[in-house]
Amino acid sequence: MADTQAPPVKPVSVPNVRSARAVLLRRARELALVPALLLLLVLGALLNDAFFTEATLISILASSAALAMVVLAESLVLITGKFDLSLESMVGIAPAVAALLVLPAAQSGWGTELPAPVALLAIPLVGAAIGAFNGILVVKVKLNAFIVTLAMLIILRGLLVGATKGKTLFDMPDSFFSLATTTFLHIPMSVWLAAAAFAVAGLVLKYHRVGRSLYAIGGNLEAARAAGIRVDRVRLGVYIVAGVLASIGGLMYTGYVGAIGANQGENMIFTVFAAAVIGGISLDGGRGTMFGALTGVLLLGVVKTMLTMAQVPSFWIDAIYGGIILLALMIARVTTGRAQD
Amino acid sequence: MSAPLVEAQGVVKRYGPTAALADGRLTVLPGESHALVGRNGAGKSTLVTILTGLQAPDEGTVRFDGEPAPPLADRDAWRSKVACVYQKPTVVPELTVAENLFINRQPLRRGFISWRGLRTRAAELLDTWDVRVDPEARTADLKVEDRQMVEIARALSFGARFIVLDEPTAQLDKREIERLFGRMRALQDSGVTFLFISHHLQEVYEVCQTVTVLRDARWITTAPVADMPRAALIEAMAGETIAEQAIQLREVEDTAPVLLDVRDLTSDAYENVDLTVRRGEVVGLAGISGSGKIELAESFTGLHTPTNGTARLDGRPLPFGDVQASLRAGVGFVPRDRHAQGLVFGMTIGDNATLSVLDRLGRYGFVGTDRKRGFATELIDRLDIHTEGPDQPVSDLSGGNAQKVVMARALASDPRLLVLINPTAGVDVKSKESLLSRVDTAREDGTAVLVVSDELDDLRRCDRVLVLFHGRVVAEHPAGWRDHELIASIEGVDHHG
């Protein structure tokens, strides 16, 4: 017993078989939504000839890009075990601030008439500033994340309505819309950008210490602290990054719609949470992958397009959409075999 | 004699007016397993937080290898000297074992984590210390004993050779405890020093060479275990001689009516269990973990649902799978884990004690505050709970007193059947006495009592002890059994199950 060396005959094969199965199982959970997504695509193609065309598929992607950015942002916050409800208001206020900076006073702008590139730069800055504000209140002052960001959601929405007097902002320079209008390989830049953001986030979460620390913090705060992770700094950083991502999502939304309404992004947070949870992100923190979150977004995008194409009367779309979200949650629960807490 | 590895002298730690530690002393020699014992509130935990650098002492010194302890902020220096394995896991459940071992110091290749390198290093580390755990396993899936070994391996990889084990055996069964001790001895032979904290004095005699006793926040004595007979150790801990109470055997009259009558009960955890408990009879259930003893007991409380068979309480069928219905049928119970199932820690003692009898304290779902207070105060008196009153939060209480609150709730409804699962887990010697004396009171009141426990002291009071092995009742020992007989049948040595 005293010998610390491994005994000569070691059952090497046993852990290997076990670990192979464990890895497969983990992958299976990550890929849980893929069959559902494929099934929906096939179903869509059967129901409507126009569904499985380049134009429709691209429009699904284009309409999902902004949502994808906000889901990405929320997922990062959720993995560290916190909440950010105010992201949906950032989707509205960040591009609106930029628009107000360029528009003349006659078009309800602030009359500063800054050049468009400078104003566009303000968008991520606004997102970062709001994220930092949320982060300081939640992480440093230790207020409850749910209530702080709920208050911020209301405040920011109110500020947007106040600053625009409830009016819709339009006639911004073309560069405000170029994410949606310029394409590469027929696909809008917003889609490429969202895809790149997911890829980078996924890589960092998997292969960088900072990324891994998000899981450690969300999984067991004390263990993370004991391992020397600067818990508060990481969480604050995540709030800021989330703010930036959501504000860029806001710019994509503006490009897609072609104007900034005072209600831009309103009620979006419900869909964001639905996509994240369907995609396997745990509301308790410490669990979930970027790939999963992405499949959650795509699933909802496909469903929404299918409902529109099936010419469901618009008064009923929300009810059906909500029902499908619930159904998707149940399916995800059954296929992953895991409680969604 | 070699220089001490750890030396704490005159350590004082105050929280406000109360001194959690008034005179803490500890001298641990390299390569020994040193036991730290004392009743709840004696200052063990405080001493551990100071030894592991989580708090600075108000007075006194701590030295490692003759050097003064590093400053609190220098976590790396502390990690290379000492580590503590707590009852509460300090691993991230969703991550793999390998990643937990190297959390925040994963091997990098060009700035990014090399998962292959991580696996290799984890496997090497586990191999070095002979820890047979799959590095790719999800940590949440590990058994408690394996999780503890992973935490020990992680501590060793930081260079620490002094490991504090804080009640490591609390969640283990006999066999797992034996394995843990085996591994402790092996690690000890390769130069690891342990500070072992346990409520089970037997374990102190089994693995430790030296014992330090704390009482009322003060150091009492340090002595080689061999020179410290059990009675002297208990005396040092309690400050008074608790006479090893002679268990007076008393016969339950065979004519006493059968209160609990179980026929052919079967579930996925046990099969074909027949069981009767008479009025005023105390029946023990023993077995290794996984024997089905806990599931069997939980079947009567509604927490586990049998698939087949019947149970009758006082002639009437006992409903299964519904806690509320079980309570109404007259079952009171102390659940397996007071943290997870026993108490709502944010609520007051009064609220916790009366949680299951609120319907008696008012009408139509409304609860009379005064009646509740009165009822709770009565329970506090009855169980001798040390508290400022029913309005104090349960989270303030020590383990022993918290467990008394759980017991108070079980008794609050004047049950006809009292089911106690691990009633004295993590409880000090004196509280244990007081909790177990409740069993005698209940017995005199004509309650049928079912005790599930791994502790021989709990089972000693039973009129008979049934032993489960792989879900079947394999033996019955009437009161007066000898320790080795019961242990042999629990471990399945005397039969071929």
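Protein chains in written order, with this note's numbering: chain A, 1227 to 1567; chain B, 11 to 507. Here a beta-carbon is modelled for each residue, glycine too, at the ideal position from N, C-alpha and C. The model shown is predicted, which means the values in this text are computed figures rather than measured ones.
To which residues does DSSP link residue i through a beta bridge?
| i | result |
| --- | --- |
| B:Glu17 | B:Thr37 and B:Arg73 |
| B:Ala321 | B:Val272 |
| B:Val287 | B:Leu270 |
| B:Tyr25 | B:Thr28 |
| A:Ala1354 | DSSP lists no partner for A:Ala1354. |
| B:Ala7 | Shown here, chain B extends from 11 to 507; a query on residue 7 of chain B therefore has no answer. |
| B:Thr222 | B:Leu46 and B:Thr232 |
| B:Leu430 | B:Val344 and B:Val461 |
| A:Met1409 | Correcting the residue identity first, residue 1409 of chain A is Thr in this sequence and not Met. Note: A:Thr1409 sits in a beta bridge opposite A:Pro1414. |
| A:Ser1396 | The question names Ser, yet the displayed sequence has Phe at residue 1396 of chain A. In the DSSP output, where bridge partners are listed per residue, A:Phe1396 has none listed. |
| B:Glu486 | B:Leu476 |
| B:Phe122 | B:Arg119 |
| B:Arg326 | B:Leu323 |
Measure the beta-carbon distance from residue i to residue j and round it to whole angstroms, keeping in mind my assumption that it falls under 8 Å.
| i | j | result |
| --- | --- | --- |
| A:Leu1471 | A:Leu1263 | Wrong, their Cβ atoms sit about 23 Å apart, outside the cutoff. |
| B:Lys98 | B:Gln65 | With 8 Å as the limit, B:Lys98 and B:Gln65 do not qualify as a contact, their Cβ atoms being about 17 Å apart. |
| B:Thr315 | B:Phe343 | With 8 Å as the limit, B:Thr315 and B:Phe343 do not qualify as a contact, their Cβ atoms being about 15 Å apart. |
| B:Gly340 | B:Arg426 | 4 Å |
| A:Val1317 | A:Gln1537 | Not confirmed; about 28 Å, so no contact. |
| A:Val1352 | A:Val1323 | 5 Å |
| B:Arg193 | B:Glu501 | Going by Cβ atoms, the distance from B:Arg193 to B:Glu501 rounds to 19 Å, so no, they are not a contact pair. |
| B:Val102 | B:Thr62 | Going by Cβ atoms, the distance from B:Val102 to B:Thr62 rounds to 19 Å, so no, they are not a contact pair. |
| B:Arg482 | B:Glu281 | 6 Å |
| B:Val160 | B:Val174 | Their Cβ separation, rounded to whole angstroms, is 16 Å, which puts B:Val160 and B:Val174 out of contact at 8 Å. |
| B:Val107 | B:Thr149 | 6 Å |
| A:Ile1319 | A:Leu1272 | A:Ile1319 to A:Leu1272, Cβ: 42 Å. No contact. |
Would you mind telling me which residues of chain B sit closer than 7 Å to residue i, beta carbon to beta carbon, in chain order?
| i | result |
| --- | --- |
| A:Ala1453 | Ile113 and Asn114 |
| A:Tyr1433 | Phe122 and Ile123 |
| A:Gly1445 | Val102, Pro103, Glu104 and Leu105 |
So with CB distances below 8 Å, who are the chain B contacts of residue i?
| i | result |
| --- | --- |
| A:Gly1527 | Those do not exist, as A:Gly1527 stays about 28 Å from chain B at its closest Cβ, beyond 8 Å. |
| A:Ser1289 | Under the 8 Å cutoff, chain B gives no residues; its nearest Cβ is about 33 Å from A:Ser1289. |
| A:Gly1512 | Val102, Pro103 and Glu104 |
What does residue i touch in chain A if you count any residue whose Cβ is under 7 Å from its own?
| i | result |
| --- | --- |
| B:Gln157 | One detail in the question is off: residue 157 of chain B reads as Arg in this sequence, not Gln. Correct list: empty, because the minimum Cβ distance to chain A is about 12 Å. |
| B:Arg85 | Gly1454 |
Strictly below 9 Å CB to CB, what residues from chain B border residue i?
| i | result |
| --- | --- |
| A:Glu1448 | Lys98 and Thr100 |
| A:Tyr1441 | Val102, Glu104, Leu105 and Glu109 |
Along chain A, which residues have their Cβ under 8 Å away from the Cβ of residue i?
| i | result |
| --- | --- |
| B:Glu109 | Arg1438 |
Please go through the segment 48-110 of chain B and give each complete beta strand (DSSP E) segment of 3 or more residues, from N-terminal end onward. Fully enclosed beta strand (DSSP E) runs of no fewer than 3 residues occupy 69-74 and 92-95 of the segment 48-110 of chain B, in order along the chain.
For the segment 113-124 of chain B, which residues have a CB atom closer than 7 Å to at least one CB atom of chain A, in sequence order? If the cut-off is 7 Å between Cβ atoms, the segment 113-124 of chain B has Ile113, Asn114, Gln116, Phe122 and Ile123 near chain A.
So within the segment 146-209 of chain B, which uninterrupted alpha helix (DSSP H) runs reach at least 4 residues, ignoring any that extend past its ends? Counting whole runs of 4 or more residues, the segment 146-209 of chain B contains the alpha helix (DSSP H) stretches 154-167 and 184-199.
Going along the segment 184-215 of chain B in order, which residues come within less than 7 Å of chain A, judged by CB to CB distance? Answer in chain order: Gly192, Arg195, Ala196, Asp199 and Ser200.
Ranges of the beta strand (DSSP E) found wholly within the segment 354-417 of chain B, counting only runs of at least 3: Counting whole runs of 3 or more residues, the segment 354-417 of chain B contains no beta strand (DSSP E) stretch at all.
Residues in the segment 1492-1506 of chain A having any Cβ partner in chain B nearer than 7 Å: For the segment 1492-1506 of chain A, the set of residues with a beta-carbon nearer than 7 Å to any beta-carbon of chain B is empty.
Output the residue ranges of the alpha helix (DSSP H) runs that lie fully inside the segment 1481-1551 of chain A and measure 4 residues or longer, sorted by chain position. Unbroken alpha helix (DSSP H) runs of no fewer than 4 residues, entirely contained in the segment 1481-1551 of chain A, are found at 1494-1504 and 1516-1535, following chain order.
Can you list, in chain order, the stretches of the alpha helix (DSSP H) that have 4 or more residues and sit fully within the segment 1436-1474 of chain A? Counting whole runs of 4 or more residues, the segment 1436-1474 of chain A contains the alpha helix (DSSP H) stretches 1447-1452.
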